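Below is one structure, written out as structure tokens; the observations come after it.
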Amino acid sequence: MKTLFLLFFMCFFAYSSFAEGIIDLGEDGFVCPLNVAQIKQNYSEKIKSASALGSIKHDPIDIAYQSNLKKHIGPAGITRISKTTFPAIPTGTKILVISVNDAQSMAIAPQISANYALAIDYASLQDIAEFQAKAGVKYPIQPATEDYINAFKINSYPALVTFKENEIEVQEGF
């Protein structure tokens, strides 16, 4: 028994002394013969290359959107859409659709109690930011795309999209 015990400790000592520079990478027995100094060197090289990538300046992507919507003329019209097409937007949410180049949209935006606004007819994101500052609205204004306009079935601007219990109400004109 003493011999077996002694043999076990000799093997363990031999393994631990030879395995100093070896890192076990998993349960399948695969080992990587890198020592700690090599790992630190590789890590510091990766950090240097990552910091060099961080110093690269990217030009911001600027988007523009010109809609085919016409300014609403005449009395306000209301369209109703089944809400099952937009189940994730909570009931009571109001989205105002405005043109950043329209004086009526500029006048209506601060008067309407909306949660969000969708901006159309913008040449850059700067146009939307300037509109928001001039109009003095506190709610966020998001750039609209053709997908938003088609999803809400909007035909003219300004429009107010209101999410009700079982339907979406789109009011065009004020």
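Sequential numbering from 2 applies to the sequence shown in the working numbering.
Positions of the beta carbon are idealized from the N, C-alpha and C atoms, including for glycine.
Predicted model, so just to flag it, every value in this text is computed and none were measured.
Member of the options whose CA lies at the smallest distance from the CA of residue i
i    : options                   : result
Y66  : P144, A110 and Q172       : P144
V171 : Q133, I129 and H73        : H73
A118 : Q105, P141, A108 and Q127 : P141
E166 : R81, N116, E131 and F132  : R81
L161 : V98, E46, Q39 and Q133    : V98
I64  : Q133, I129 and F153       : I129
N156 : A134, I79, S45 and N116   : I79
K135 : I150, Q105, K71 and Q39   : Q105
N69  : S100, E46, I96 and I40    : S100
N116 : I96, M107, Q127 and F132  : I96
Contact set for residue i: own chain, Cβ-Cβ below 8 Å, skip 5 residues either direction
i    : result
P76  : G174
T146 : Y66
K154 : T80, I82 and V171
8 Å contact criterion, which residue i and residue j should meet: CB distance rounded
i    : j    : result
S114 : E168 : Their Cβ separation, rounded to whole angstroms, is 20 Å, which puts S114 and E168 out of contact at 8 Å.
A120 : F132 : 7 Å
Collapsed DSSP secondary structure at residue i in the structure displayed
i    : result
L70  : coil
A120 : strand
E131 : helix
A160 : strand
Q112 : coil
A64  : Looking at the sequence shown, residue 64 is not Ala but Ile. Of the three classes helix, strand and coil, the one that applies to I64 here is coil, per DSSP.
S100 : strand
I82  : strand
I142 : strand
I169 : strand
K41  : helix
Neighbourhood of residue i by C-beta distance below 6 Å, restricted to the same chain and skipping five residues each side
i    : result
F164 : I90, T92 and T94
N102 : D122
N138 : The sequence shown places Val at residue 138, rather than the Asn named in the question. So the qualifying residues of the chain are A110 and P111.
P159 : I99, S106 and I109
Contacts around residue i, its chain only, beta-carbon distance under 7 Å, and the 5 residues preceding and following it disregarded
i    : result
I40  : none
L126 : D63, I64 and P144
Y149 : L119
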